[in-house]
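**Student:** First the structure, which I've put down as structure tokens, then a few questions once you've had a look.
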Amino acid sequence: MPLAKEIKNDVKNDIKAAKKIWLPWWGVLCLGIVSLPLYWLFDHFGRLNLALPTFNCIAVLGFVIAVKRNLRRHAWFWGIMAILATLHVPLILFVPWTTKWVPALAIAAIDSGDLIVMLTILSVVGKFMEGQKTAAPDSGH
Amino acid sequence: MSVGIDSIGLIPEAGGIARVIGHQAGYVGVVADQLGSKVVGAVGASTGAVNGLAGLGDTSADGLISTGLTVAGFVPGLGQVAAGLSVFHDVYLTARAIGQCH
């Protein structure tokens, strides 16, 4: 199972890289200040319960892009990111999210699970794309 | 209370509050940072554990999910973002409640 091992190592390295990413205090402050009018907007439409899941999904997608930034020149990477972002829409809309207080630690654990699933998908697709590249015949240039 | 617990995720590992805690224990520089960071981590873990334990009595789906995820590990940067968003969410809810009183 060398391929499975490679994917496992890839994901482990990505998680290690993700654990090293920290936002500066002013970054968190800006994030919070930007989120305030958006909370009001969600509340105005009576969907405040969707605000936190939406912002957290956006944050996790941003985190994935930051961790896998070495793949930014590959079109397939952005294709997969678009698919993953689209898959999050029904997840946000159809899961009955609560408006009650949930500890940030629990939200972070959900986000981390989401991040690991996305990193695994990207790693699997990455290996598949690499395999296709090496198996493809020389174009003759 | 909820803002206080959520904001634990905002405390960085080096400098700031972590360093102040280290200095209080009589250490300086990196050693102070490391000690302070351990104390902050322990407080975060204990409040998480308290929340998780509080959730043990809650047999609703939300309570069970919350309890299960509290004992799971997480990526610190995501914890920081989740804490920031949660704190401002709580601030918005508080401001809205105060607005409704007036």
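Protein chains in written order, with the numbering used here: chain A, 29 to 169; chain B, 2 to 103. Here a beta-carbon is modelled for each residue, glycine too, at the ideal position from N, C-alpha and C.
1. How do the region 84-92 of chain B and the region 64-83 of chain A stand: do at least 3 beta-carbon pairs fall below 8 Å, yes or no?
2. Looking at the structure shown, is B:Val-76 part of a helix, part of a strand, or coil, going by DSSP?
3. Counting only beta-carbon separations shorter than 8 Å, does A:Ser-151 have a partner in chain B?
4. Taking 8 Å as the cut-off, does the region 146-156 of chain A touch the region 115-126 of chain A (at least 3 CB pairs, one atom from each stretch)?
5. Out of curiosity, what's the CA-to-CA distance linking A:Ile-144 and B:Cys-102?
6. For A:Leu-76, which residues from the same chain have a beta carbon less than 8 Å from its beta carbon, with the 5 sequence-adjacent residues on both sides left out?
7. Between the C-alpha atoms of A:Pro-118 and A:Leu-89, what's the straight-line distance to the nearest angstrom?
8. Mapping DSSP to helix, strand and coil, what is A:Phe-73?
9. Taking only runs that begin and end inside the region 60-120 of chain A, name each unbroken alpha helix (DSSP H) of 4 or more residues, in chain order.
10. Between which residues of its own chain and A:Trp-129 is the CB-CB distance below 6 Å, once the five residues before and five after are set aside?
**Tutor:** On the basis of the data shown:
1. yes
2. coil
3. no
4. no
5. 43 Å
6. Tyr-67, Phe-70 and Thr-127
7. 15 Å
8. coil
9. 79-95
10. none
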